[in-house]
């Protein structure tokens, strides 16, 4: 027992005599990890690695940091006249446990910022939403901030808040919701995010927006702005059914359903069209049939181009 006490006091005295030496070995790994986390976590964060982009670091930065610790241990050991190998073992031990220790406060930080987006909605203050985005280290948390900004933009009818969103999906949703709220087709033109662009070069979001507003507001002129058959079809057909207007069915002649390559072969022989002799009039004929049935008006059946389909329509109304 006495020997153990003597050895303990020797250790304490040694630590006192070499406190700069031990402090250097203990603090250096924390310093480089701290700088690393600060830079890649907040200044220039790459993608992935439990919030700090460390996939990049493991491949590129980790060996440099490891070597830096070894060199530092050798230099400090030489200056302090201590064992080089013991110094290396000590500093590498600290090097490997430092990330775990430094990551502990991260949970506390996330808990502190977790309610910022909700607070922003409660206080109607977009600054809280932006803090949630800027301080969060994962997309899941940043998404709360984006949703917060989009909701405040909608609540306050503020398009400038949409422009502050740097996520394509939520920016598009923000503009789209405001366009619908204000019945403003000019906002449809802002849906230019890469998410909306399709392989053939057209912008699906703008067409969808025009078509939806056209039907909602009985605005036929908006259908004329739609460039793609898929959404022209939705637009004209939606207005024809909503206004009970057979004259709009004619505008469906020649339109192609999404996925059809042409009017030839079996491209248009989808469910319910097996009796058709012409794909050109598929949607116009369907439109006439629906309105003929809803109005019990056989005269509308006479507008159907496909003879077999016309006869079937007339037969059902006799």
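In the working numbering, the protein residues as written are 2 to 319.
For every residue, glycine included, the Cβ atom is placed at its ideal position computed from N, Cα and C.
Whole-angstrom distance between residue j and residue i, CA atom to CA atom
| i | j | result |
| --- | --- | --- |
| residue 76 | residue 154 | 58 Å |
| residue 117 | residue 231 | 41 Å |
| residue 171 | residue 151 | 7 Å |
| residue 299 | residue 312 | 10 Å |
| residue 211 | residue 128 | 32 Å |
| residue 169 | residue 176 | 11 Å |
| residue 195 | residue 242 | 33 Å |
| residue 308 | residue 179 | 46 Å |
| residue 47 | residue 189 | With a pLDDT of only 44 at residue 47, under the threshold of 50, the placement of this residue in the model should not be trusted; the figure read from the coordinates follows. Between residue 47 and residue 189, the C-alpha separation is close to 33 Å. |
| residue 65 | residue 89 | 15 Å |
| residue 95 | residue 26 | 8 Å |
| residue 218 | residue 238 | 14 Å |
| residue 274 | residue 314 | Its pLDDT being 47, under 50, residue 274 is placed unreliably in this model, and the coordinates cannot settle the point. |
| residue 235 | residue 249 | 12 Å |
| residue 319 | residue 303 | 13 Å |
| residue 87 | residue 78 | 9 Å |
| residue 282 | residue 310 | 11 Å |
| residue 34 | residue 85 | 22 Å |
| residue 130 | residue 174 | 16 Å |
| residue 287 | residue 198 | 30 Å |
| residue 226 | residue 181 | 17 Å |
| residue 224 | residue 289 | 19 Å |
| residue 163 | residue 29 | 44 Å |
DSSP three-state assignment for residue i, whether helix, strand or coil
| i | result |
| --- | --- |
| residue 198 | strand |
| residue 88 | helix |
| residue 82 | coil |
| residue 319 | coil |
| residue 137 | coil |
| residue 282 | helix |
| residue 255 | coil |
| residue 227 | coil |
| residue 25 | helix |
| residue 297 | coil |
Run of the alpha helix (DSSP H) containing residue i, from where it starts to where it stops
| i | result |
| --- | --- |
| residue 239 | 230 to 244 |
| residue 180 | 169 to 183 |
| residue 121 | 117 to 124 |
| residue 305 | It is not in any alpha helix (DSSP H) - residue 305 carries neither H nor E in the DSSP assignment. |
| residue 163 | 160 to 164 |
| residue 188 | First-last for residue 188: undefined, no H or E at that position. |
| residue 224 | 221 to 224 |
For residue j and residue i, believed in contact at Cβ under 8 Å, the rounded distance
| i | j | result |
| --- | --- | --- |
| residue 149 | residue 133 | 7 Å |
| residue 246 | residue 253 | Going by Cβ atoms, the distance from residue 246 to residue 253 rounds to 12 Å, so no, they are not a contact pair. |
| residue 184 | residue 192 | Wrong, their Cβ atoms sit about 16 Å apart, outside the cutoff. |
| residue 221 | residue 215 | 7 Å |
| residue 98 | residue 73 | That belief does not hold up - the Cβ atoms of residue 98 and residue 73 are roughly 17 Å apart, past 8 Å. |
| residue 285 | residue 251 | 6 Å |
Cross-strand partners of residue i (DSSP beta bridge)
| i | result |
| --- | --- |
| residue 204 | 198 |
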